[in-house]
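In this text, residue positions in the sequence shown follow this note's numbering: the first is 412, and each later residue adds one.
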Amino acid sequence: MSKNLENKKLIVSEIKEKLEKSNALLLVEYKGINVAEVTELRKRFREAGVEYKVYKNTLFRRAAKDLGIEVLDEYLEGPVGYVFGYDDVVAPARTINQFLKENSKTPLSVKVGYIEGKLMDAQAVKALGDLPSKEVLIAMLLGALQGSLRNLAYVLNSIKEKKEAEA
Numbered sequence: 412m413s414k415n416l417e418n419k420k421l422i423v424s425e426i427k428e429k430l431e432k433s434n435a436l437l438l439v440e441y442k443g444i445n446v447a448e449v450t451e452l453r454k455r456f457r458e459a460g461v462e463y464k465v466y467k468n469t470l471f472r473r474a475a476k477d478l479g480i481e482v483l484d485e486y487l488e489g490p491v492g493y494v495f496g497y498d499d500v501v502a503p504a505r506t507i508n509q510f511l512k513e514n515s516k517t518p519l520s521v522k523v524g525y526i527e528g529k530l531m532d533a534q535a536v537k538a539l540g541d542l543p544s545k546e547v548l549i550a551m552l553l554g555a556l557q558g559s560l561r562n563l564a565y566v567l568n569s570i571k572e573k574k575e576a577e578a
């Protein structure tokens with residue numbers, strides 16, 4: 412077997428491993444983005460626990476086909492960067508949204524998302540990225556529950572005081 416073919420097989424197996432491990436995948440078109448912007452974007456992805464890789468589309472297509480993921484085929488044209496999210500499904504979308512807001516002139520764009528086995532268009536990925544983090548959502552829920560419990564305690568206390576006053 413030639414060395415080139417062996418390298419390609421290694422890359423395909425690496426892609427398959429990343430696809431199996433990830434629960435969120437974004438395909439981004441990076442045509443026209445400069446080196447400084449890519450470096451900044453990679454740094455932000457690392458900080459968010461997200462991985463950004465560039466592979467040949469044919470190798471990615473082969474790995475995805477081996478795993479039965481053929482819905483991405485039509486998006487594997489031109490320069491495509493692959494963003495893998497492993498823990499937080501929102502982190503890749505949130506990170507890229509923040510980057511695009513701060514660098515509005517960059518030609519970087521989201522082609523499609525593949526989140527937990529479902530295909531999402533670019534607008535859905537943007538909406539997903541605009542959601543608050545899991546911790547913020549939990550804090551909001553706890554705040555709402557705490558306020559409701561406080562109001563319930565107030566109402567129960569006022570009923571108790573009214574009954575005591577009547578007696």
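A virtual CB, placed ideally from N, CA and C, is assigned to each residue, including glycine.
- In the three-state scheme derived from DSSP, where H, G and I count as helix and E and B as strand, leucine 530 is classed as strand.
- Assigned with DSSP and collapsed to three states, alanine 459 falls in coil, not helix or strand.
- Per DSSP, leucine 437 lies in no alpha helix (DSSP H); the unbroken beta strand (DSSP E) holding it starts and ends at 435–440.
- Taking C-beta separations shorter than 8 Å and ignoring five residues to either side along the sequence, the partners of leucine 478 in its chain run Lys427, Leu430 and Glu431, following chain order.
- For the alpha helix (DSSP H) assignment, the uninterrupted runs of no fewer than 4 residues enclosed by the stretch 462–541 are, from N- to C-terminal side, 468–477, 502–513 and 533–540.
- If you draw a 10 Å sphere on the C-beta of arginine 457, you find fewer than 16 other C-beta atoms in it, and that means exposed.
- With 16 or more other CB atoms across the displayed protein chains lying within 10 angstroms of its CB, asparagine 508 is buried.
- If you draw a straight line from the Cα of glutamate 462 to the Cα of isoleucine 549, it is about 26 Å long.
- The residue from Leu452, Lys476 and Arg505 with its alpha-carbon nearest to that of glycine 492 is Leu452.
- A residue is called buried when at least 16 other Cβ atoms come within 10 angstroms of its Cβ; serine 424 does not meet this threshold and is exposed.
- The C-alpha of lysine 464 is placed about 14 Å away from the C-alpha of leucine 487.
- Collapsing the DSSP output to three states places serine 413 in coil.
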